[in-house]
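Chains A and B are the protein sequences, given in the same order.
Heads up, the first sequence is in my numbering, so the first residue is 586 and it goes up one at a time.
Heads up, the second sequence is in my numbering, so the first residue is 143 and it goes up one at a time.
Here is the structure we will look at, set down as structure tokens.
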Amino acid sequence: MTSVDPQLELKNVTKRFGGVAAVDDVTFAIGKGEILGVIGPNGAGKTTLLNCISGVYRLDGGDVRWQGESIAGLAPFRVARLGIGRTFQIVKPFTSMTVRENVVAGALFGSDEDRPRLGAAFGRADGVLELVGLRSKADLPVSAMTIPDRKRLEVARAVATRPKLLLLDEVMAGLNPVEIDDALEMVRAVHQSGVTVVLIEHVMRVIVGVCARVVVLDVGRMLADGPPDVVLRDERVIQAYLGERYARRLRGS
Amino acid sequence: MAAEQLLRVNGLTAGFAAGPVLFEIDMEIARGELIALVGANGAGKSTLLGTLSGLVRARAGSIAFSGRDITNARPEAIVKAGIAHVPQGRRLFDTMSVEKNLRLGAYARRDGDIDTEVRSVLEYFPALKDKLNREARTLSGGEQQMVAIGRGLMARPKLLMVDEMSLGLAPKIVDRLIDVVKDIHSAGTALLLVEQDVLVALDVAQRAYVLENGRMVLAGAAADLRDDPNIRKAYLGL
Numbered sequence: 586m587t588s589v590d591p592q593l594e595l596k597n598v599t600k601r602f603g604g605v606a607a608v609d610d611v612t613f614a615i616g617k618g619e620i621l622g623v624i625g626p627n628g629a630g631k632t633t634l635l636n637c638i639s640g641v642y643r644l645d646g647g648d649v650r651w652q653g654e655s656i657a658g659l660a661p662f663r664v665a666r667l668g669i670g671r672t673f674q675i676v677k678p679f680t681s682m683t684v685r686e687n688v689v690a691g692a693l694f695g696s697d698e699d700r701p702r703l704g705a706a707f708g709r710a711d712g713v714l715e716l717v718g719l720r721s722k723a724d725l726p727v728s729a730m731t732i733p734d735r736k737r738l739e740v741a742r743a744v745a746t747r748p749k750l751l752l753l754d755e756v757m758a759g760l761n762p763v764e765i766d767d768a769l770e771m772v773r774a775v776h777q778s779g780v781t782v783v784l785i786e787h788v789m790r791v792i793v794g795v796c797a798r799v800v801v802l803d804v805g806r807m808l809a810d811g812p813p814d815v816v817l818r819d820e821r822v823i824q825a826y827l828g829e830r831y832a833r834r835l836r837g838s
Numbered sequence: 143m144a145a146e147q148l149l150r151v152n153g154l155t156a157g158f159a160a161g162p163v164l165f166e167i168d169m170e171i172a173r174g175e176l177i178a179l180v181g182a183n184g185a186g187k188s189t190l191l192g193t194l195s196g197l198v199r200a201r202a203g204s205i206a207f208s209g210r211d212i213t214n215a216r217p218e219a220i221v222k223a224g225i226a227h228v229p230q231g232r233r234l235f236d237t238m239s240v241e242k243n244l245r246l247g248a249y250a251r252r253d254g255d256i257d258t259e260v261r262s263v264l265e266y267f268p269a270l271k272d273k274l275n276r277e278a279r280t281l282s283g284g285e286q287q288m289v290a291i292g293r294g295l296m297a298r299p300k301l302l303m304v305d306e307m308s309l310g311l312a313p314k315i316v317d318r319l320i321d322v323v324k325d326i327h328s329a330g331t332a333l334l335l336v337e338q339d340v341l342v343a344l345d346v347a348q349r350a351y352v353l354e355n356g357r358m359v360l361a362g363a364a365a366d367l368r369d370d371p372n373i374r375k376a377y378l379g380l
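Written out as structure tokens, the structure is:
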């Protein structure tokens with residue numbers, strides 16, 4: 586399951602709000618070059634887990650280790666500069682700027698390794714825009730963009746920070762099946778450029794489409810971990826998350 | 143259409159300061175019908191719902207509801223006439239209680255029957271029963287969508303329009319909400335569903351309209367559209 590070279594390790598990660606454990610003793614590792622899906626009911630702790638990794642939240646227990654060293658307690662920008670990029674569910678682009686300028690901002694403030702000067706940042710932004718399929722829209726104001734393009738831009742801004750690991754939080758919500766297939770191409774392109782990918786999604790077309798491995802969270806705990814064709818047939822996962830209609834669809838196909 | 147007409151949209155052109163988004167839209171919904179509105183992102187689906195709600199100005203054409211012209215009527219008059227809009231992203235009043243959110247849905251009503259309506263919403267969504275005093279923002283995404291739909295029902299609409307019900311929700315929750323949509327329909331309310339999960343929408347709807355670049359390009363029985371090779375390729379990715 587986990588490759589020989591774990592890049593990110595979660596060890597007994599726990600995060601509480603009030604008395605409630607939103608993430609409860611979660612342990613797993615992500616190997617370099619994986620595409621890992623994270624699924625689970627609304628409120629299962631998926632986004633909280635991303636926030637624990639990216640430094641938005643301080644852990645109440647356990648440890649997060651990046652390339653062998655603990656990063657627990659580091660500020661979000663420090664985590665980003667170590668090479669862990671992320672997107673947010675509610676995209677917040679700089680609306681007064683163009684698409685390219687938004688991506689330049691990511692390039693300028695990202696990973697410590699090889700951070701570009703302003704001129705070079707524009708060049709890098711164009712490369713990222715090419716990768717995510719937004720090159721032809723580089724000069725448009727963000728206000729003119731559709732939802733799928735805004736999601737792409739959110740990914741582009743994160744990719745411009747030069748992550749080794751990219752955390753994607755529901756970047757395909759609100760896309761129809763055909764738009765999802767296009768977005769999957771984008772994820773594959775980013776992955777092929779050498780980036781490990783963790784993605785949270787509720788759309789099984791995404792999970793089945795790109796993930797070799799999927800982790801299921803339920804009420805803050807790990808419910809399952811394995812290849813999608815096994816996990817999505819797991820009766821506990823159907824009970825807690827997928828529901829009977831999806832299970833029927835799966836059996837029918 | 144044999145059944146009595148509820149909504150009739152004729153040659154509707156509408157949009158924003160930057161220009162029209164919808165062009166010469168024709169559409170009709172019969173009393174009690176369940177309709178899906180399908181289209182890519184940016185096609186104009188939410189703008190159409192906004193225009194029907196009076197939130198976006200019509201520039202040409204007309205909208206008639208229950209035999210009355212409601213083109214560019216004020217939103218509160220349209221709610222009173224019987225159209226309720228459940229917006230994309232729920233748009234609840236986050237720091238208000240669930241119950242207050244629900245009751246606000248009945249704001250335009252002048253009859254005193256609002257307690258009964260709260261009870262009937264809770265019959266559709268029993269999960270909200272012990273959460274009436276909770277702040278809306280503390281609910282899970284699925285529960286928030288229940289409140290948003292419930293708030294729409296509080297207006298006692300003849301037509302309930304639901305924009306992107308499944309957005310960001312777990313498959314099992316979407317199942318449950320679809321069952322409620324069927325219940326609402328069985329109780330006699332017409333529904334207009336905008337849904338990115340096109341297969342789900344076409345499964346549940348009786349008829350569907352397809353919107354492309356602001357124009358209505360296709361309308362028909364949902365089952366026929368589901369089997370249409372062009373639709374399967376363009377919207378279902380099959």
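The beta carbon of each residue, even a glycine, is placed where N, CA and C say it ideally should be.
Hey, residue i and residue j: beta-carbon distance below 7 Å or not?
i, j, result
"Ala-832 of chain A", "Ala-745 of chain A", "no"
"Pro-229 of chain B", "Leu-197 of chain B", "no"
"Ala-290 of chain B", "Val-221 of chain B", "no"
"Gly-647 of chain A", "Thr-599 of chain A", "yes"
"Gly-794 of chain A", "Leu-769 of chain A", "yes"
"Gly-379 of chain B", "Val-763 of chain A", "yes"
"Leu-644 of chain A", "Ala-657 of chain A", "yes"
"Gly-622 of chain A", "Val-799 of chain A", "yes"
"Arg-650 of chain A", "Glu-594 of chain A", "yes"
"Ala-741 of chain A", "Val-713 of chain A", "yes"
"Leu-154 of chain B", "Ala-226 of chain B", "no"
"Lys-736 of chain A", "Val-756 of chain A", "yes"
"Ala-350 of chain B", "Val-151 of chain B", "no"
"Val-304 of chain B", "Asn-761 of chain A", "no"
"Leu-301 of chain B", "Ala-332 of chain B", "yes"
"Val-240 of chain B", "Lys-273 of chain B", "yes"
"Ile-139 of chain B", "Leu-149 of chain B", "No answer is possible for residue 139 of chain B: it lies beyond the span of chain B, which begins at 143 and ends at 380."
"Ala-710 of chain A", "Val-689 of chain A", "yes"
"Leu-234 of chain B", "Ala-278 of chain B", "yes"
"Ile-293 of chain B", "Leu-335 of chain B", "Here residue 293 of chain B is Arg; the residue named in the question, Ile, does not match the sequence. For Arg-293 of chain B and Leu-335 of chain B, no; Cβs fall outside 7 Å."
"Glu-782 of chain A", "Ile-638 of chain A", "Residue identity check: residue 782 of chain A is Val in the sequence provided, not Glu. No; because the gap between Cβ atoms is not below 7 Å, this pair is not in contact."
At which residues does the beta strand (DSSP E) containing residue i begin and terminate?
i, result
"Tyr-351 of chain B", "349 to 354"
"Thr-258 of chain B", "Here Thr-258 of chain B belongs to no beta strand (DSSP E); instead the alpha helix (DSSP H) covers 256 to 266."
"Met-238 of chain B", "Run containing Met-238 of chain B: none; DSSP gives neither H nor E here."
"Phe-158 of chain B", "147 to 158"
"Phe-602 of chain A", "591 to 602"
"Gly-647 of chain A", "646 to 651"
"Leu-176 of chain B", "176 to 180"
"Ala-758 of chain A", "No beta strand (DSSP E) holds Ala-758 of chain A; DSSP gives it neither H nor E."
"Ile-167 of chain B", "161 to 172"
"Ile-212 of chain B", "Careful: Ile-212 of chain B lies outside any beta strand (DSSP E) and carries neither H nor E."
"Ala-606 of chain A", "605 to 616"
"Leu-621 of chain A", "620 to 624"
Out of the options, state which residue places its alpha-carbon closest to the alpha-carbon of residue i.
i, options, result
"Val-801 of chain A", "A:Asn-627, A:Gly-616, A:Leu-719, A:Gly-618", "A:Asn-627"
"Gln-338 of chain B", "B:Val-352, B:Thr-331, B:Asn-372, B:Ser-328", "B:Val-352"
"Ala-363 of chain B", "B:Glu-166, B:Ala-178, B:Gly-174", "B:Ala-178"
"Gly-356 of chain B", "B:Asp-253, B:Val-163, B:Leu-335", "B:Val-163"
"Lys-617 of chain A", "A:Leu-703, A:Arg-700, A:Arg-663, A:Pro-748", "A:Pro-748"
"Met-789 of chain A", "A:Arg-720, A:His-776, A:Asp-609, A:Arg-830", "A:Arg-830"
"Leu-703 of chain A", "A:Arg-720, A:Arg-685, A:Leu-738", "A:Arg-685"
"Asp-257 of chain B", "B:Lys-314, B:Asp-369, B:Leu-295", "B:Leu-295"
"Glu-820 of chain A", "A:Ala-660, A:Gly-805, A:Arg-836", "A:Arg-836"
"Arg-806 of chain A", "A:Asp-711, A:Ile-624, A:Leu-817, A:Ala-774", "A:Ile-624"
"Glu-175 of chain B", "B:Ile-373, B:Gln-348, B:Leu-367", "B:Gln-348"
"Val-605 of chain A", "A:Val-804, A:Lys-677, A:Asp-590", "A:Val-804"
"Asp-724 of chain A", "A:Asp-697, A:Leu-817, A:Asp-699, A:Met-682", "A:Met-682"
"Pro-726 of chain A", "A:Leu-750, A:Pro-701, A:Thr-680, A:Leu-659", "A:Thr-680"
"Gln-777 of chain A", "A:His-787, A:Leu-750, A:Ile-823", "A:Leu-750"
Would you mind reading off the limits of the alpha helix (DSSP H) that contains residue i?
i, result
"Phe-707 of chain A", "703 to 717"
"Gly-362 of chain B", "First-last for Gly-362 of chain B: 357 to 363, but that is the beta strand (DSSP E), not the alpha helix (DSSP H)."
"Ile-220 of chain B", "217 to 223"
"Leu-194 of chain B", "187 to 194"
"Val-340 of chain B", "340 to 346"
"Val-816 of chain A", "813 to 816"
"Asn-636 of chain A", "631 to 638"
Quiz item: Is the stretch 177 to 186 of chain B touching the stretch 715 to 734 of chain A, taking contact as three or more C-beta pairs under 8 Å?
Solution: Proximity of the stretch 177 to 186 of chain B to the stretch 715 to 734 of chain A meets the contact definition, three or more beta-carbon pairs being nearer than 8 Å.
Quiz item: Unbroken alpha helix (DSSP H) runs of length 4 or more, entirely within the stretch 655 to 684 of chain A: which are they?
Solution: Segments of the alpha helix (DSSP H) lying fully in the stretch 655 to 684 of chain A: 661 to 667.
Practice problem: Could you name each continuous beta strand (DSSP E) segment of 3 residues or more that falls completely within the stretch 720 to 753 of chain A, going from the start of the chain to the end? | Solution: Those beta strand (DSSP E) runs which fall completely within the stretch 720 to 753 of chain A and span 3+ residues do not exist here.
Practice problem: Indicate whether the contact test is met: 3 or more Cβ pairs, each with one atom in the stretch 145 to 158 of chain B and one in the stretch 320 to 331 of chain B, closer than 8 Å. | Solution: These segments do not touch.
Practice problem: Taking only runs that begin and end inside the stretch 254 to 336 of chain B, name each unbroken alpha helix (DSSP H) of 4 or more residues, in chain order. | Solution: For the alpha helix (DSSP H) assignment, the uninterrupted runs of no fewer than 4 residues enclosed by the stretch 254 to 336 of chain B are, from N- to C-terminal side, 256 to 266, 283 to 295, 313 to 328.
Quiz item: Are at least three pairs of beta-carbons, each pair with one atom in the stretch 808 to 817 of chain A and one in the stretch 630 to 637 of chain A, less than 8 Å apart?
Solution: The stretch 630 to 637 of chain A and the stretch 808 to 817 of chain A do not touch, with fewer than three beta-carbon pairs separated by less than 8 Å.
Self-check item: Whole runs of the alpha helix (DSSP H) within the stretch 773 to 805 of chain A, excluding any shorter than 4 residues
Solution: Qualifying alpha helix (DSSP H) stretches, in chain order: 789 to 795.
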